[in-house]
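Residues 518 to 752 in my numbering are what the sequence shown lists, from first letter to last.
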Amino acid sequence: MLVVIKKDYEEISREAAHIVAGAVRSNSKIVLGLATGSTPLGLYRELIALHSAGDLDFSQATSFNLDEYLGLPASHPQSFHFFMQNNFFSQVNFPPGNVHIPDGTISRDYDAYCARYEQCIKAAGGIDLQILGIGRNGHVGFNEPTSSLASRTRLKALSRETVEDNRHFFANESEMPKCAITMGIGTILDSRRVLLLASGRSKAAAVAKAIEGPITSSVSASALQMHADVTFIID
Ligand code: GLP
C-alpha cells in the first residue's frame, strides 16, 4: 500500500487527477472504475479542467461505476446516474456508449442483472484503475460491514449508518433507498490499480482501520491490504 498524505482536500484532488490523467494518457483505451459521493468531486473538477484545456482525451475510454441506489431512475437528482452526468460526463468527451452504471430501476432478476454487469467488466478487459471513496463505517462502493471479501456485484441492503448519512439528501425520509446495487469487494480487488481518496476527520477512523487494522469484513476497505497496487491519498 502506498499512503500519500496531503495538506487538504484540494491537494488530494490535484494529486488524484495527476494520477488518473497520467493513466489515461498512457492508455487511451483505459477502463476506469468510477465512484460517487462528495469526495471524488474535486478529482472530477480537475479532470474536466484538463479536458477543457485540451490536455486530456476520454474519447476511447470506458467506465464502470461502483454502485447505484435501487429504485432511483437516472433522472432522479440523487441517483448516481444523475450525479455522474452532472458532475463529469456532461463536461468531458466520454463516449456515452462506453459508460456503465448499474441500473437502479430493475425490479426482478437481480442476480442475472448483476452477473451481466460483471460479464461486461470482463468483456471490456477488466478495470485498469478503480477510484474509491470510503464510508464512515469503512465501506467501499456500498459494501457495508460484513460484506464477504469475495463478494461480486449484487443487491445489498444499506446499513443504518449509511441511511442516516445520506437521508438529508432526500426531500422526505421515505424516499431514501434502503438497498443498492454495488460491485463487490472481489470485483474491486480484481482491478489492476486502486486509488482511494479520503478527506477530513469524519473519515480518519475508517482510514486508520483500513490501512493499519486487521483485514476484516467489518471494515470492507481493509480488504485492500490484499491488493498489490493500492494508493490511499488522504489528508
Ligand atoms: C456512498 C458511496 C461510496 C462513497 C461514500 C462516501 O456510500 N456509495 O462510494 O465512498 O458514500 O461518500 P462521501 O465521499 O460523500 O463521504
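Glycine residues also receive a C-beta, built at the ideal position from the N, C-alpha and C atoms.
From a predicted model like this one, the values you see are computed outputs, not experimental measurements.
Residue i vs residue j beta-carbon contact at 8 Å
| i | j | result |
| --- | --- | --- |
| residue 621 | residue 587 | yes |
| residue 484 | residue 559 | The question about residue 484 has no answer here: the residues shown for the chain are numbered 518 through 752. |
| residue 576 | residue 646 | no |
| residue 727 | residue 741 | yes |
| residue 549 | residue 569 | no |
| residue 565 | residue 605 | yes |
| residue 567 | residue 538 | yes |
| residue 697 | residue 585 | yes |
| residue 532 | residue 520 | no |
| residue 582 | residue 618 | yes |
| residue 682 | residue 653 | yes |
| residue 526 | residue 716 | yes |
| residue 611 | residue 640 | no |
Buried/exposed call for residue i, threshold 16 Cβ in 10 Å
| i | result |
| --- | --- |
| residue 552 | buried |
| residue 631 | buried |
| residue 752 | buried |
| residue 743 | exposed |
| residue 524 | exposed |
| residue 711 | buried |
| residue 655 | buried |
| residue 669 | buried |
| residue 642 | exposed |
| residue 671 | buried |
| residue 534 | buried |
| residue 624 | exposed |
Bounding residues of the alpha helix (DSSP H) (the contiguous stretch that carries residue i)
| i | result |
| --- | --- |
| residue 564 | 558 to 569 |
| residue 750 | Counting along the chain, residue 750 falls outside any alpha helix (DSSP H), though it belongs to the beta strand (DSSP E) covering 747 to 751. |
| residue 542 | 526 to 543 |
| residue 602 | 597 to 604 |
| residue 703 | 702 to 706 |
| residue 728 | 721 to 729 |
| residue 680 | 677 to 683 |
| residue 632 | 627 to 640 |
Cutoff 8 Å: residue i Cβ touching any chain D Cβ
| i | result |
| --- | --- |
| residue 618 | Among the chains of the structure shown, chain D does not appear; only one protein chain is present. |
For residue i, the first and last residue of its enclosing beta strand (DSSP E)
| i | result |
| --- | --- |
| residue 522 | 519 to 522 |
| residue 647 | 646 to 649 |
| residue 585 | 584 to 586 |
| residue 673 | 671 to 674 |
| residue 653 | No beta strand (DSSP E) contains residue 653, which DSSP labels as neither H nor E. |
| residue 733 | No beta strand (DSSP E) contains residue 733, which DSSP labels as neither H nor E. |
| residue 699 | 696 to 699 |
| residue 713 | 710 to 715 |
| residue 499 | Since the first residue of the chain shown is 518 and the last is 752, residue 499 is not available in this structure. |
Residue i CB to nearest heavy atom of the ligand MG below 7 Å
| i | result |
| --- | --- |
| residue 555 | Absence of the ligand MG is noted for the structure shown, with the ligand GLP being the only ligands found. |
On the three-pair Cβ rule with 8 Å, is the region 699 to 708 touching the region 655 to 663? yes
Should the region 679 to 691 be regarded as contacting the region 720 to 727, the criterion being three or more beta carbon pairs within less than 8 Å? no
Three or more C-beta pairs closer than 8 Å, one from the region 729 to 738 and one from the region 562 to 576: is that the case here? no
Should the region 660 to 680 be regarded as contacting the region 592 to 606, the criterion being three or more beta carbon pairs within less than 8 Å? no
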